[in-house]
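Contents: one structure, followed by commentary.
Protein chains: 2
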Amino acid sequence: MKPLTIGRLSRAANVKVTTIRYYETIGLMGTPDRSASGQRLYGMVDVERLSFIRHARELGFSIDAIKDLIRLQTAPDQDCSAVDSIAQQQLVEVQKRLAQLEALERELKRMIENCRGGEIDGCQVMAAINNHAECESEKHERLKPL
Amino acid sequence: MKPLTIGRLSRAANVKVTTIRYYETIGLMGTPDRSASGQRLYGMVDVERLSFIRHARELGFSIDAIKDLIRLQTAPDQDCSAVDSIAQQQLVEVQKRLAQLEALERELKRMIENCRGGEIDGCQVMAAINNHAECESEKHERLKPL
DNA sequence: ATACAGTCTACAGTCACTATAGAGGCAAGC
DNA sequence: GCTTGCCTCTATAGTGACTGTAGACTGTAT
Ligand SMILES: [Zn+2]
Ligand SMILES: [Zn+2]
Ligand SMILES: [Zn+2]
Ligand SMILES: [Zn+2]
Numbered sequence: 001m002k003p004l005t006i007g008r009l010s011r012a013a014n015v016k017v018t019t020i021r022y023y024e025t026i027g028l029m030g031t032p033d034r035s036a037s038g039q040r041l042y043g044m045v046d047v048e049r050l051s052f053i054r055h056a057r058e059l060g061f062s063i064d065a066i067k068d069l070i071r072l073q074t075a076p077d078q079d080c081s082a083v084d085s086i087a088q089q090q091l092v093e094v095q096k097r098l099a100q101l102e103a104l105e106r107e108l109k110r111m112i113e114n115c116r117g118g119e120i121d122g123c124q125v126m127a128a129i130n131n132h133a134e135c136e137s138e139k140h141e142r143l144k145p146l
Numbered sequence: 147m148k149p150l151t152i153g154r155l156s157r158a159a160n161v162k163v164t165t166i167r168y169y170e171t172i173g174l175m176g177t178p179d180r181s182a183s184g185q186r187l188y189g190m191v192d193v194e195r196l197s198f199i200r201h202a203r204e205l206g207f208s209i210d211a212i213k214d215l216i217r218l219q220t221a222p223d224q225d226c227s228a229v230d231s232i233a234q235q236q237l238v239e240v241q242k243r244l245a246q247l248e249a250l251e252r253e254l255k256r257m258i259e260n261c262r263g264g265e266i267d268g269c270q271v272m273a274a275i276n277n278h279a280e281c282e283s284e285k286h287e288r289l290k291p292l
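Right, dumping it as structure tokens:
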């Protein structure tokens, strides 16, 4: 039951030290106890909480959504519909993004397949980027970083 | 052949005014002529260049990749393999991202389907986020913003 | 005792923009 | 000429979710 330093917590939950400190500043992790010399000290609760956060991030939940999930965790006898709707919303986001990326994949493939090489002047890839008209069938939505 | 103000260019290429000025500061659009009173003045060349940039962004190319593409455009008798490989690389990125998101979709669906409602304490969605072990088959990669 | 890894704070940088503030410019209607 | 109302200008800060750096201190192993 020895407390863990931030580095040990980092290895236990597989989250970088700097990220843990960042999570503290934004209130996602609480403010830990400190040793006499000022080092942060953590327990198993923190390992679990940080692992939960990590997995939620891997599933694409935003920090704000994770804050909500953690709040809900502390009221364990409430109905879980709030939790489920956060997950449901996340699924919808993922599916939207999937549709976007599938359209992108089709368009890039078509561009690349059409190019027969040669001078840049006649490159079909370049032409396809230039001609928005050619791909009007697929209207692009605002694209977040890939 | 009247020059366009930034607002007209904005409507012509469907790119926001602030974004055009931003593209200028990062050297993606050149520095335009100015009117006597200091307003930016653009021509058809700029409409085409900005439309090209817009479509490339919609296809997910990074600003740096677009800079490369524009550099290549100015050497139109070179072989287009450099262009094609930028597009090919982009396709690879899109496909990586697709695979990630498909894994995410599967996992979220499974979580949501398993939950039969009730108290948060027994919520399968919560449990699934908590138990990294349950989904070890799908190892998550570093996830960029959805 | 010394070396070296870990920890501390505070702040700047990333990407591709978006938003805001405050000042000055331009065309149309009266 | 004057007012109205939008357009444009610069400069700066904010977004999300971190990452990187500088410079100082601490803890541990040999
Ligand atoms: Zn080509
Ligand atoms: Zn297109
Ligand atoms: Zn549930
Ligand atoms: Zn998982």
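If you read the sequences in order, they're chains Z and Y.
Going by our numbering, the residue at position 111 of the first sequence is 111; the numbering climbs one at a time, nothing skipped.
Heads up, our numbering is the position in the second sequence plus 146, with the first residue counted as 1.
Backbone N, C-alpha and C define an ideal beta-carbon position, used for all residues, glycine too.
Residue i - partner residues in DSSP beta bridges
{"i": "residue 187(Y)", "result": "179(Y)"}
{"i": "residue 79(Z)", "result": "265(Y)"}
{"i": "residue 150(Y)", "result": "188(Y)"}
Local Cβ density within 10 Å of residue i, reported as buried at 16 or more and exposed below that
{"i": "residue 33(Z)", "result": "exposed"}
{"i": "residue 264(Y)", "result": "exposed"}
{"i": "residue 203(Y)", "result": "buried"}
{"i": "residue 235(Y)", "result": "exposed"}
{"i": "residue 92(Z)", "result": "exposed"}
{"i": "residue 79(Z)", "result": "exposed"}
{"i": "residue 45(Z)", "result": "exposed"}
{"i": "residue 26(Z)", "result": "exposed"}
{"i": "residue 113(Z)", "result": "exposed"}
{"i": "residue 175(Y)", "result": "buried"}
{"i": "residue 75(Z)", "result": "exposed"}
{"i": "residue 111(Z)", "result": "buried"}
{"i": "residue 116(Z)", "result": "exposed"}
{"i": "residue 182(Y)", "result": "exposed"}
{"i": "residue 7(Z)", "result": "exposed"}
{"i": "residue 60(Z)", "result": "buried"}
{"i": "residue 279(Y)", "result": "exposed"}
{"i": "residue 40(Z)", "result": "buried"}
May I ask you to verify whether the region 10 to 19 of chain Z touches the region 43 to 52 of chain Z, counting CB pairs closer than 8 Å and requiring at least 3? Cβ pair count under 8 Å is three or more, so yes.
So does the region 217 to 235 of chain Y actually touch the region 119 to 126 of chain Z, counting three or more Cβ pairs closer than 8 Å? Result yes; three or more Cβ-Cβ pairs closer than 8 Å.
Chain-ordered residues, beta carbon under 7 Å from a heavy atom of ligand 4: For ligand 4, the selected residues are 55(Z), 58(Z), 59(Z), 253(Y), 278(Y), 281(Y), 284(Y) and 286(Y).
Could you please tell me which residues of the region 110 to 131 of chain Z, in chain order, have their CB closer than 7 Å to any CB of chain Y? Within the region 110 to 131 of chain Z, the qualifying residues are 111, 112, 115, 117, 118, 119, 120, 121, 123, 125, 126, 129 and 130.
If you pair each beta-carbon of the region 275 to 292 of chain Y with each one of the region 242 to 257 of chain Y, do three or more pairs fall below 8 Å? Yes: at least three Cβ pairs fall under 8 Å.
With 8 Å as the C-beta to C-beta threshold (strictly closer), list the residues of the region 89 to 106 of chain Z near chain Y in chain order. Flagged, chain order: 90, 91, 93, 94, 95, 97, 98, 101, 102, 104 and 105.
Residues in the region 32 to 55 of chain Z having any Cβ partner in chain Y nearer than 7 Å: Correct list: 51, 52 and 55.
Compile a chain-ordered list of the residues in the region 67 to 78 of chain Z whose CB is closer than 8 Å to at least one CB of chain Y. Taking 8 Å as the Cβ-Cβ cut-off against chain Y, the residues of the region 67 to 78 of chain Z that qualify are 69, 72, 73, 75, 76, 77 and 78.
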